[in-house]
Amino acid sequence: TPIAVLASRIRLEEKLILGALEKRGAVLDVIDSRRHPFRLDGRELPYAGALSREISHTRNVYGTRLLEHAGLTVVNSYDVISLCGDKLLTALALQDARLPVPKAMVSLSPDHALDGLTEFGFPMVIKPVIGSWGRLASRPKDREAAETLMEHRAALASPQYQVVYAQEYVDKPGRDIKAYVMGGEVVGVIYKVSDEWRTNTARTGRAERCDPSDELVKLLVAVAEAIGEGVYGIDVLEDRDGRFYVNEVNHTPEFHGAVEVLDTDLVGAYADYVLRRLPS
Ligand code: ADP
Ligand code: ZN
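Heads up: the sequence shown begins at 872 in our numbering, then just goes up one per residue.
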């Protein structure tokens, strides 16, 4: 039985995963989420399950829910994608599990956020609750910078940008940690090294291999357990004293950059994990 792959753009990552799945004998049927009409009449779809590699968060949320409604197991699940796709909801879930996250505050509108932000304290990081590649994440250093930032937010049309999510700035040693955890197992860990404070490899971040300490491995396993069954790229910030803070959990992890520096076969592990979850 074939495996459905929900995707819109097939990037290098998707090519690698699909190649590894096919090498393992899987038959794949790519569903272009932009073109596929989904019927809601509860027909069982002829698939062993589905892998989602959709890059649009909205399409991912609804697409996985529709596939689950049609009876399929989806990697990752709708529950995981809707939780991890929202940085605020993720932070709350991690805090409920007593895991370390950066100190944070939320204002549900930018209009009167300034006093609360000032009291929270600078420097801080203000970022959209939904989004990736570091887009629109900013680091106002004082009240004046925060004020214009709030004016910009108020001018944006999308309701999701009206939520102001601020975190303490974690002063880090020029790098962050990105860990790949699949089915509760830590498969590979890299540092993202950059001169910029946003170390995303989609920006200027350069991958270096990280040999995780037992403490870090324990934290990563606990994060995956708190979120649930799935495949994850977990962002961890480390301060200059070596304390860890879980920053976010990526549910459709990118790994360009990581594959080149890791000894472990990240792509093979991804494919093996998918086949374990979706037995044909
Ligand atoms: P994205 O989903 O866009 O990757 P992140 O929350 O991971 O959003 O922010 C992008 C990058 O900005 C992170 O990878 C990290 O390098 C940096 N960053 C984000 N939040 C903080 C913070 N509170 N302290 C220090 N650096 C941060
Ligand atoms: Zn990130």
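We treat Cβ as the ideally placed atom computed from N, Cα and C, and that holds for glycine.
Residue pairing of Met-995 in beta bridges, as defined by DSSP: Glu-1039. For Asn-931, the Cβ stays outside the 7 angstroms cut-off from all heavy atoms of the ligand ZN. Val-1130: member of the alpha helix (DSSP H) spanning 1129-1132, first to last residue. For Asp-900, the three-state secondary structure derived from DSSP is strand.
In this structure, Arg-930 keeps its C-beta atom at 8 angstroms or more from the C-beta atom of Ser-1009. Around the beta-carbon of Ser-904, 16 or more other beta-carbon atoms lie within 10 Å, marking it buried. For Asp-1085, the uninterrupted alpha helix (DSSP H) segment begins and ends at 1085-1098.
Per DSSP, Ile-1048 lies in no alpha helix (DSSP H) segment; the continuous beta strand (DSSP E) that holds it begins and ends at 1046-1053. In the DSSP assignment, Asn-1121 falls within the unbroken beta strand (DSSP E) covering 1115-1121. A direct Cα-to-Cα measurement between Asp-1106 and Trp-1068 gives close to 14 angstroms. In the DSSP annotation of this structure, Asp-950 is not part of any beta strand (DSSP E); the continuous alpha helix (DSSP H) holding it starts and ends at 949-955. Taking the Cα positions, Glu-915 is about 25 angstroms away from Arg-895.
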